[in-house]
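The numbering of the sequence shown is my numbering, which starts it at 3 and goes up by one. Using N, Cα and C, we set each Cβ at its ideal position, and we do this for glycine too. Quick caveat: nothing in here was measured; it's all calculated off a predicted structure. For reference, the structure discussed in these notes is given below.
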Amino acid sequence: MATSFQNQCIWQPFKCTGNQADMSNSTIDPPQRYSQNRQPTHHIKIDTNGNLPLMWRPADVSPSANGLNCKGMFSMHGALLRTGKSDEFIAVGETGQPVYKAALQLIAALTRKSPSLVNFLALPKSNEQGSVIDWYSPIQGDVVPWSSATEAERDVARTQLNHFKTAIAEMSASLVQAGSKGGQSDQIIFGKLLGLVPHAPADSYVYLVEATRTNAEGAVERYSQPILTFWGFVQNEGDRHRDPLYFLTPRAATPA
């Protein structure tokens, strides 16, 4: 059964200035803490029209328990999918910036530009030392580990994840190209970080969450959402250069 993740929002609050959501200024009235944590994070300033990252910088802030942005999109909850130590894997990144340390900004960017892609990514929440990360489902529902899914369910999930991977690659390339033309190095780095998001250690870090939604006709339907945990991490050095999610491709049967 899914556990409640209410009031455990991982999002950084920010105030709206004109048409921009300014996360570089953590001044919130009234100031609030989320849970009992006060942890270092990175900030990013996002253009809410085009969702292009303009800059980020390290800061120590107190995120809001409600986690509402200008349009109230930062309130998320779901089941705890996995817990693990970050040093058990190799973190992928760009110019010394690991993907997992920019996770909140990457999710925020995807939420603005293509909200459906966010549901493929578990929401990370680190302990105060940053050594242990809890990964929560972005949606509510019953959790099915990859090993417990039927082959038919896996086939559907593989197709969904391949579409996700392709969409991320296209978005990454677009950001890098735009940043190169405009001479915006921060945007180039952010685009490259985004392209590394689909990396995960192994298929055992993939989960299916059985949820419900309302379709275009207004009827409630069930669906299965594949979700990656420990995204932005790989098992070994060689996996850095392999195609993300390579392990989901079924292996050919060995001839007798």
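Alpha carbon to alpha carbon, what distance is there between residue j and residue i?
i	j	result
residue 149	residue 240	24 Å
residue 238	residue 201	12 Å
residue 34	residue 162	At residue 34, the pLDDT of 30 sits below 50, so the modelled position is not reliable and the matter cannot be decided from this model.
residue 113	residue 177	15 Å
residue 187	residue 181	6 Å
residue 154	residue 185	46 Å
residue 88	residue 109	19 Å
residue 86	residue 252	26 Å
residue 179	residue 189	9 Å
residue 103	residue 158	30 Å
residue 90	residue 151	25 Å
residue 107	residue 183	22 Å
residue 220	residue 118	19 Å
residue 165	residue 229	13 Å
Sorted by chain position, which residues of the same chain lie with C-beta nearer than 6 Å to residue i's C-beta, five sequence neighbours on each side aside?
i	result
residue 128	135
residue 105	126
residue 84	137, 231
residue 207	231, 232
CB-CB under 8 Å to residue i, same chain, minus the five flanking residues each way: which ones, in chain order?
i	result
residue 298	Missing from the structure shown is residue 298; the chain here goes from 3 to 258 and no further.
residue 168	none
residue 116	169, 173
residue 94	100, 101, 198, 201, 234, 235, 236, 242
residue 223	214, 215, 216, 217
residue 143	4, 80, 81, 211, 212, 213, 214, 227
residue 92	235, 236, 237, 238, 239, 241, 242
Apply the 10 Å Cβ neighbour rule to residue i and answer buried if 16 or more other Cβ atoms are within range, or exposed otherwise.
i	result
residue 121	buried
residue 156	buried
residue 98	exposed
Assuming residue i and residue j make a contact with CB atoms under 8 Å, what is their CB distance in whole Å?
i	j	result
residue 250	residue 227	The pair is not a contact, with the Cβ atoms about 15 Å apart (cut-off 8 Å).
residue 146	residue 139	With 8 Å as the limit, residue 146 and residue 139 do not qualify as a contact, their Cβ atoms being about 11 Å apart.
residue 124	residue 231	4 Å
Short of 7 Å in beta carbon distance, which residues of its chain neighbour residue i, apart from the five on each side in sequence? Order them along the chain.
i	result
residue 244	none
residue 247	163, 167, 200, 202
residue 225	213, 215
residue 269	No statement about residue 269 is possible, as the shown extent of the chain runs from 3 to 258 and does not include it.
residue 205	148, 249, 250
residue 160	250
(Q) To test your reading of the DSSP string, which unbroken alpha helix (DSSP H) runs of 4 or more residues are found completely within the stretch 73-121? (A) 105-115, 117-120
In chain order, which continuous runs of the beta strand (DSSP E) of length 3 or greater are located wholly inside the stretch 141-216?
144-147, 208-216
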